[in-house]
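Q: Protein chains in written order, with the working numbering: chain A, 16 to 344; chain B, 9 to 294.
1) Work out the CA separation of residue 201(A) and residue 175(A) for me, nearest whole Å.
2) Going by beta carbon distance, what residues of the same chain come within less than 6 Å of residue 216(B), once the five residues before and after it are set aside?
3) Within 10 angstroms of its Cβ, does residue 281(A) collect 16 or more other Cβ (buried), or is it exposed?
4) Residue 87(B) to residue 268(B), Cα distance in whole Å?
5) Residue 172(B) to residue 189(B), Cα distance in whole Å?
6) What residues from the region 288 to 303 of chain A come within 9 Å of chain B, judged by C-beta to C-beta, listed N to C?
7) Which runs of the beta strand (DSSP E), 3 residues or longer, sit entirely within the region 40 to 119 of chain B?
8) Report all residues from its chain with a CB closer than 8 Å to the CB of residue 186(A); omit the five preceding and five following residues, and keep chain order.
9) For the alpha helix (DSSP H) holding residue 189(B), just list the boundary residues, first then last.
10) I want to see whether chain A comes within less than 7 Å of residue 232(B), judged by CB atoms only; does it?
11) Please classify residue 99(B) as buried or exposed, where buried requires at least 16 neighbouring CB atoms within 10 angstroms.
12) Using the DSSP secondary-structure output, state which residues sit across from residue 83(A) in a beta bridge.
13) Along the region 125 to 141 of chain B, what residues have a CB closer than 7 Å to any CB found in chain A?
14) Which residues in the same chain as residue 40(B) place their Cβ atom closer than 7 Å to its Cβ, once the five residues preceding and following it in sequence are excluded?
15) Can you tell me the Cβ-Cβ gap for residue 303(A) and residue 130(B), rounded? I've got them flagged as a contact below 8 Å.
16) In angstroms, rounded to a whole number, what distance separates the CA positions of residue 183(A) and residue 177(A)?
17) Classify residue 162(A) as buried or exposed, calling it buried when 16 or more other Cβ atoms lie within 10 Å of its own Cβ.
18) Is the CB of residue 230(A) under 7 Å away from at least one CB in chain B?
19) Please report the Cβ distance between residue 263(B) and residue 70(B), rounded to the nearest whole angstrom; I am assuming they are in contact, meaning their Cβ atoms lie under 8 Å.
20) For the alpha helix (DSSP H) containing residue 235(A), list its first residue and its last residue.
21) With 9 Å as the limit, tell me which residues of the region 237 to 249 of chain A have their beta carbon closer than that to any beta carbon of chain B; keep them in chain order.
22) Distance check for residue 56(B) and residue 181(A), CA to CA, integer angstroms please.
23) Is any heavy atom in the ligand PLP found nearer than 6 Å to the beta carbon of residue 73(B)?
24) Is the region 112 to 121 of chain A touching the region 258 to 267 of chain A in the sense that three or more CB pairs, one from each, lie closer than 8 Å?
25) Using only the alpha-carbon positions, how far apart do residue 46(B) and residue 63(B) sit?
26) By Cβ distance, which residues of its chain are closer than 7 Å to residue 138(A), with the 5 residues on each side in sequence left out?
27) Between the C-alpha atoms of residue 97(B) and residue 166(B), what's the straight-line distance to the nearest angstrom?
28) So, is residue 255(B) buried or exposed, given that buried needs 16 or more other C-beta atoms within 10 angstroms?
29) Rounding to the nearest angstrom, what Cα-Cα distance links residue 157(B) and residue 123(B) in this structure?
30) Cα separation between residue 71(A) and residue 138(B)?
31) Under the rule that 16 or more other beta-carbon atoms within 10 Å means buried, what is residue 57(A), buried or exposed?
32) Quick one: give me the first and last residue of the alpha helix (DSSP H) that residue 313(A) is part of.
33) Residue 248(B) CB to nearest chain A CB: under 7 Å?
34) Assuming residue 288(A) and residue 198(A) form a contact by the criterion Cβ under 8 Å, report the distance between their Cβ atoms to the nearest whole angstrom.
35) Got a sec, what are the start and stop residues for the alpha helix (DSSP H) residue 218(B) sits in?
36) According to DSSP, is residue 117(A) part of a helix, a strand, or is it coil?
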């Protein structure tokens, strides 16, 4: 009995899918009328569509060269097919394997240490009652986000240098040993994490401050009447209200693990710290400028894009489940 | 009213945030002080908190250097042309996508969204630029970045929060879509346009990666790439020589860094008041 019930529940579902694949005559007529009535709007969208196809979809199609032995002379269509040869080569190559795992290690460390920081900053800023001070701290804290890693690397190379850097001078003053932040492979990942926190903590706090602004003041007033102190208000009202934002941002940063960090690493690293600092993108770009084997590097890029895509889709699905069907995108 | 009675907690928070603010600003101050230092003062000072000397030699050296002035001009060109081009097309596309009633909106939006999730990667893009004949052409670092899907979503969402009645009234009066967009929608959407305008300008100004890939002639380098070459060359050299007798001294490097940051720092405070508002309205799902 139960089985037939299941079958019936399943059938109309397939039926609903059909019109989405094959447009019905009514739909087509409607769409054509729509095109006629909004001719101007559709004319305006032609150049952006052309842009999208040429600069985004053509390169997407171009990933097929990861399965070829690409040469410019033969082109996309004439080059010989080699199957998974490049992928096999990459995963047998110790440098690529190291870069592959470093990408995860560095970015997970970044999330582990970095994730709570903007939340703490937002909570502190929220406690300030002098508006002008609050505004100033916010303005200052967003600034580093707009400065490129080329510039920041130029600054940090000097500031973090072992022998002249101000940070190590402070360490020496306090009787601590000097640390080679940029050349010691054991320290380098932490240098990456800390400098990234410095750059993005203010920017990350924007989203939390925005959520805090939506909390109804009556909640705090009621808590005050009940005799709650400041810490209790933060713990029992503000933090729970921030939870959805935290979950979304956390999942999003996990989903982005494979896609971030290139600018920073590429500008701060050097051969001494490849062991712990080299990531997939830096491996690709370095090999590209040293000895460009197009197909092999395209394969490395494809691995990164594909895994990045899967992780992001999983993260988005997780957010959707947690938020009544509302994904990030 | 309790008003502004300062408890020890208040004081601790203000002190803590002041320290935080100073730590954020210190690296910039540090490089600014170095850029105005004489080479001797640079080696003598430990923290560069207070300038002990003042000279504009490093800036003079830089502004007399044709490579620097040329890269500055290239950066200005890329940023100006790129930002205007991006703003126009992002506005048009965002406006189109904000129209709920149109039959093809969701398909086109999906096509843009896909680019957020999957990317062809460095090599296919390089091949494309080469085959379009855009290598060593400044357009190669402008055209491929015309529409940033993130900024497009912000713009679309912002337009959707607008009151449609004014547009409807203009439409009844016979205004075309083009007129409505540029006479009615654009003038009333300053927060979002200022926000994405700033983001695009910063993106073009800061870009060194794609110029490094697509441009090989030094005359075409933007400032950020010129700076990168100075920073990487001199640091690898310093590591070898212990910092003595460097080809491009720290003060010159510092002044190049300052020249690269200054335009951003000058524009930033004016746009800052818009962007928090712009992002938050744009990122809220209606």
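The beta carbon of each residue, even a glycine, is placed where N, CA and C say it ideally should be.
These numbers come from a predicted model, not from an experiment.
A: With the given structure in hand:
1) 15 Å
2) Within the same chain, residue 216(B) has close Cβ partners 232, 233 and 236.
3) Residue 281(A) comes out buried.
4) 13 Å
5) 12 Å
6) From the region 288 to 303 of chain A, only 296, 299, 300 and 303 have a Cβ closer than 9 Å to chain B.
7) Positions of the beta strand (DSSP E) runs, each at least 3 residues long and wholly inside the region 40 to 119 of chain B, cannot be given because no such run exists.
8) 192, 193 and 194
9) Per DSSP, residue 189(B) belongs to no alpha helix (DSSP H) and is neither H nor E.
10) yes
11) When all chains shown are included, residue 99(B) counts as buried.
12) 96(A)
13) 125, 126, 127, 128, 129, 130, 131, 132, 133, 135 and 136
14) 266
15) Here residue 303(A) really is in contact with residue 130(B); their C-beta atoms are around 6 Å apart, less than 8 Å.
16) 6 Å
17) buried
18) no
19) 5 Å
20) 232 to 240
21) 245 and 246
22) Cα to Cα, residue 181(A) sits roughly 8 Å from residue 56(B).
23) The ligand PLP is absent from the structure shown, which contains no ligands of any kind.
24) Taking 8 Å as the limit for Cβ pairs, the verdict is that the region 112 to 121 of chain A does not touch the region 258 to 267 of chain A.
25) 6 Å
26) Here the set comprises 249 and 253.
27) 16 Å
28) Caution applies to residue 255(B), whose pLDDT of 44 falls short of 50 and renders its modelled position unreliable; the model cannot decide the point.
29) 7 Å
30) Taking the straight line joining both Cα atoms gives about 15 Å.
31) buried
32) Per DSSP, residue 313(A) belongs to the alpha helix (DSSP H) from 309 to 337.
33) Low per-residue confidence applies at residue 248(B): pLDDT is 45, beneath 50, and the placement is therefore not dependable, though the value from the model is reported in the following sentence. So, not an interface residue.
34) 6 Å
35) 217 to 222
36) helix
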